[in-house]
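Novice:
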Ligand code: MN
Ligand code: MN
């Protein structure tokens, strides 16, 4: 990862500031009985109102859903009375991304689980310095979460971020993975501990709500090409949801069919919903940081 320009740092910080403000609103919206599609739309509209764009569709993960669930078009799901809700949101300005997440306990029974991920992130941020090895961060996250009696999720991790690229290749484990000896040099990173009262692993469901396009010059049939160009113009290769592009249910099903064609042409990346393997409940907190040659800036707090 190359060093960052002043303009890049400025835009990263601005995106982080918007993300922080939106997160404050998001926390207030999570109340039992609220429609999650309404929460998502309110959050995404607020990002735009503040001058940013969503870096990805807002993820709303309820209980054992760990990641990659964004409300579908007209999604009837409501915030339940019990459990834990995660809101993971991203903001970008000209491709400079802020990625952040919070968890809300809906009942006192899950306050400890939420606290475990929150404190794990806090402890990790306290010790990160330029050149730190990823495994050292993982160790702190793991021991923090375990001190609350929970497990870190081992197959979800923090990641480096590049312009227009949310996961750009370097990972930061949520446990003391001895293979993660690489050092974090100048660049942008998301640190995101997940805690669970389950086994500590996620698996994919056969449900996808979030997609991204691949760029390739392939001749497409007219109606498919129209949707492809419309989404590419809006998103480039950033993640999207069909909820953003449809106005009625017939259109939704038509577009779902078109996506199948894009998938056949290998122009579509799917991000299946991730759930805890043993149906354990999951909490998560996340901040984005810039590591410069000398110091560490948390852009989203
Ligand atoms: Mn995130
Ligand atoms: Mn992330």
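Residue numbers (the numbering used here): 1 to 301. Note that the Cβ used here is the ideal one computed from N, Cα and C, for glycine as well.
Go ahead and pull the three-state DSSP assignment for residue 59.
Specialist: Looking at residue 59 - three-state DSSP - the assignment turns out to be strand.
Novice: Could you tell me the boundaries of the alpha helix (DSSP H) in which residue 122 lies?
Specialist: Run containing residue 122: 111-127, per the alpha helix (DSSP H) assignment.
Novice: If you measure from the CB of residue 99, is any heavy atom of ligand 2 nearer than 7 Å?
Specialist: For ligand 2, at least one heavy atom lies less than 7 Å from the Cβ of residue 99.
Novice: For residue 293, which residues in the same chain have their Cβ closer than 8 Å to its Cβ, ignoring the five residues on either side in sequence?
Specialist: So the qualifying residues of the chain are 3, 130 and 186.
Novice: Between residue 275 and residue 203, which are expected to be in contact by the criterion C-beta below 8 Å, what is the C-beta distance as a whole number of angstroms?
Specialist: Contact holds; Cβ gap of about 6 Å.
Novice: Could you please give me the residues that DSSP links to residue 228 through a beta bridge?
Specialist: According to DSSP, which records beta bridges pairwise, residue 228 is partnered with nothing at all.
Novice: Nearer than 7 Å: is that true of the beta carbon of residue 159 relative to any heavy atom of ligand 2?
Specialist: At least one heavy atom of ligand 2 is nearer than 7 Å to the Cβ of residue 159, so yes.
Novice: Could you tell me if the beta carbon of residue 61 falls within a distance shorter than 7 Å of some heavy atom in ligand 1?
Specialist: Answer for residue 61: no, Cβ out of range of ligand 1.
Novice: Should residue 148 and residue 105 be called a contact, given that it needs their Cβ atoms to be closer than 8 Å?
Specialist: Cβ distance not < 8 Å, so residue 148 and residue 105 don't count as in contact.
Novice: Could you tell me the distance, in whole angstroms, from the CA atom of residue 102 to the CA atom of residue 66?
Specialist: Roughly 12 Å separates the two Cα atoms.
Novice: Would you list the residues sitting across from residue 293 in a DSSP beta bridge?
Specialist: In the DSSP output, where bridge partners are listed per residue, residue 293 has none listed.
Novice: Residue 276 lies in the beta strand (DSSP E); which residues open and close that run?
Specialist: Taken as a continuous stretch (DSSP letters only), the beta strand (DSSP E) holding residue 276 covers 268-276.
Novice: Nearest CA to the CA of residue 26: which residue from 42, 37 and 173?
Specialist: Ranking the options by Cα distance to residue 26, first place goes to 42.
Novice: Are there any heavy atoms of ligand 2 lying less than 7 Å away from the beta-carbon of residue 192, as far as the coordinates show?
Specialist: Checking the Cβ of residue 192 against ligand 2 gives yes.
Novice: Relative to the alpha-carbon of residue 169, which residue among 175, 153 and 189 has its alpha-carbon at the smallest distance?
Specialist: Among 175, 153 and 189, the Cα nearest to that of residue 169 belongs to 189.
Novice: According to DSSP, is residue 217 helix, strand or coil?
Specialist: Coil.
Novice: Give a yes or no on whether the C-beta atoms belonging to residue 243 and residue 73 are separated by under 8 Å.
Specialist: Taking 8 Å as the Cβ cut-off, residue 243 and residue 73 qualify as a contacting pair.
Novice: For the beta strand (DSSP E) that residue 65 lies in, which residues bound it at each end?
Specialist: Start and end: 65-67.
Novice: So which of 281, 79 and 97 has the shortest CA-CA distance to residue 34?
Specialist: When each option's Cα is compared against that of residue 34, the closest is 79.
Novice: Please classify residue 287: is it buried, with 16 or more other beta-carbons within 10 angstroms of its beta-carbon, or exposed?
Specialist: Buried, since its Cβ has 16 or more Cβ neighbours within 10 Å.
Novice: May I have the straight-line CA-CA distance separating residue 132 from residue 252, to the nearest angstrom?
Specialist: So the two alpha carbons sit approximately 46 Å from each other.
Novice: Give the single residue among 68, 84, 125 and 82 whose Cα lies nearest to the Cα of residue 295.
Specialist: Comparing Cα-Cα distances from residue 295 to each of 68, 84, 125 and 82, the minimum goes to 125.
Novice: Should residue 255 and residue 271 be called a contact, given that it needs their Cβ atoms to be closer than 8 Å?
Specialist: No, Cβ-Cβ distance for residue 255 and residue 271 is not below 8 Å.
Novice: Can you give me the C-alpha to C-alpha distance between residue 215 and residue 44, rounded to a whole angstrom?
Specialist: Their backbone Cα atoms lie some 25 Å apart in a straight line.
Novice: Pop quiz: residue 289 and residue 191 are said to be a contact at Cβ under 8 Å. What is the actual Cβ separation, rounded to whole angstroms?
Specialist: Confirmed, about 7 Å.
Novice: On a CA-only basis, which of 86, 57 and 6 is nearest residue 110? Give me that one, please.
Specialist: With distances taken between Cα atoms, residue 110 lies closest to 86.
Novice: Assess, as a yes-or-no matter, whether the region 90-98 is touched by the region 52-64 under the definition of 3 or more beta carbon pairs within less than 8 Å.
Specialist: The region 52-64 vs the region 90-98: in contact.
Novice: What is the DSSP secondary structure of residue 233, counted as helix, strand or coil?
Specialist: Helix, per DSSP.
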